[in-house]
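Working notes for the structure below.
Residue numbers (our numbering): 7 to 455.
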């Protein structure tokens, strides 16, 4: 691994010689990865969700390197990041991910590699290809890449118009093994995309999942089909998903109304270029009177506040991801004929809303989950061109991934949290200094916040 890392840091230019150098490296038999263990899935039984501590359940273990199968690639991971699916994995909610691995393992002899007593987690990476399997022609050893997290088989017709509809669609590192919070990762080769040359490894690692998710949910024909002039209500607008949705709205000519929970988060949104901001804590919105009863008067007050900011317009699109806490309000405030695009449900999966406001006002609820290959590629191209920027706020070493996941679980972070895997320090991996210099302020906007 030391020789591989030295070659990556040397950053020799792409060439047949570089390809031959990386192809010649011996692959380690074991590597370090962040795992949950099957024999610990009951460790939080009876503990409230908020009190479950990922620092107890996530371990950095040495695990065997998996064989590279047809259509796959083995990547040396320089950096990764934390997404909310890793929080769910670490607290074994809503179910243990070992059920996903067991079911996947039964689908084929090759997939059986994923059914292990450990689960290497993580759904983002930036790194360098070390090996490719049979049938891979686009990618070669030595290529600098990022990966999106869509894993599909495409053996049935269902997914050929939209790969997210493939019956065997899974999220890599969550519903599959050998994820990105590790020194090595196993991916399908069609998960790979070019690493943006103006970004460091840790900056390049953080947009993959959330930027692609926001792109499909907000921009794509499979999501809300955002157009110029649309009013877009963005919940958690300074967070991992919301910070990319806010950028996409602004660059697409839409008008974001950013919902945040503190003055500091409001300032982040203003620095992105957003002007219409609601601090839901300062304005004390209480959408639930108690655990079982929602408060429509608060929906109405929230709607009036949105119209005050927009000059009388209701949202054309609501970017919904908190779930249970906010969904009733989201359905209420969307304009007549508007769209509530929903994913994630970080505050709870059981949504409740008054259907009169949906049905009688011809509104639409659109379910959106990650992105297909094309959408992920288009979202990555916006990053590579310096049009959308990473929202990296803090970076942890691999050994402190538990703390990083704890921060996301408790919502003490801003933007995205990165993790150094093989990278010995921050700031490595930049290829295009000129483009970076032009966008340096935007790239660093979230750092240290």
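Even for Gly, the Cβ is constructed at its ideal location relative to N, Cα and C. In this text, all values refer to a predicted model and were calculated from it rather than measured experimentally.
Test item: CB-CB of residue i and residue j under 8 Å
i, j, result
"residue 85", "residue 153", "no"
"residue 180", "residue 95", "yes"
"residue 373", "residue 348", "yes"
"residue 61", "residue 408", "yes"
"residue 125", "residue 217", "no"
"residue 223", "residue 214", "no"
"residue 205", "residue 151", "no"
"residue 321", "residue 340", "yes"
"residue 191", "residue 201", "no"
"residue 338", "residue 294", "no"
"residue 187", "residue 127", "yes"
"residue 20", "residue 203", "no"
"residue 14", "residue 82", "yes"
"residue 323", "residue 393", "no"
Per-residue DSSP class, three states only, for residue i
i, result
"residue 275", "helix"
"residue 369", "coil"
"residue 117", "helix"
"residue 289", "coil"
"residue 36", "strand"
"residue 48", "coil"
"residue 124", "strand"
"residue 216", "helix"
"residue 150", "strand"
"residue 170", "helix"
"residue 394", "coil"
"residue 420", "coil"
"residue 267", "coil"
"residue 441", "helix"
"residue 402", "strand"
Rounded separation between residue i and residue j - CA only
i, j, result
"residue 389", "residue 395", "6 Å"
"residue 121", "residue 271", "41 Å"
"residue 70", "residue 445", "40 Å"
"residue 414", "residue 92", "9 Å"
"residue 332", "residue 360", "12 Å"
"residue 45", "residue 129", "23 Å"
"residue 49", "residue 63", "8 Å"
"residue 327", "residue 41", "26 Å"
"residue 354", "residue 318", "31 Å"
"residue 281", "residue 144", "43 Å"
"residue 97", "residue 113", "26 Å"
"residue 380", "residue 225", "13 Å"
"residue 383", "residue 313", "36 Å"
"residue 262", "residue 7", "46 Å"
"residue 431", "residue 56", "32 Å"
"residue 17", "residue 31", "16 Å"
"residue 54", "residue 378", "35 Å"
"residue 316", "residue 296", "30 Å"
Close beta carbons around residue i, own chain, < 7 Å, minus the five adjacent residues each side
i, result
"residue 142", "77, 79, 195"
"residue 207", "84, 85, 132, 429, 434, 435"
"residue 356", "330"
"residue 275", "243, 244, 252, 264, 266, 283"
"residue 405", "66"
"residue 254", "220, 221, 224, 225, 394"
"residue 158", "165, 169, 172, 174, 175"
Residues near residue i by beta carbon distance below 8 Å, same chain, minus five either side
i, result
"residue 358", "300, 330, 333, 334"
"residue 161", "174"
Same chain only: Cβ atoms within 6 Å of residue i, ignoring 5 sequence neighbours per side
i, result
"residue 137", "74, 80"
"residue 89", "129, 215"
"residue 246", "216, 422"
"residue 251", "220, 224, 240, 325"
"residue 248", "240, 242"
"residue 119", "72"
Near the ligand GTP: residue i beta-carbon under 7 Å from a heavy atom
i, result
"residue 13", "For the structure depicted, the ligand GTP is absent and the ligand set is empty, with no information on it obtainable."
Original post:
For the stretch 389-400 against the stretch 163-178, are there 3 or more C-beta pairs whose distance is under 8 Å?
Top reply: no
Original post:
How do the stretch 229-239 and the stretch 174-188 stand: do at least 3 beta-carbon pairs fall below 8 Å, yes or no?
Top reply: no
**OP:** Could you say if the stretch 355-373 and the stretch 275-287 meet the contact criterion of at least three C-beta pairs nearer than 8 Å?
**Re:** no
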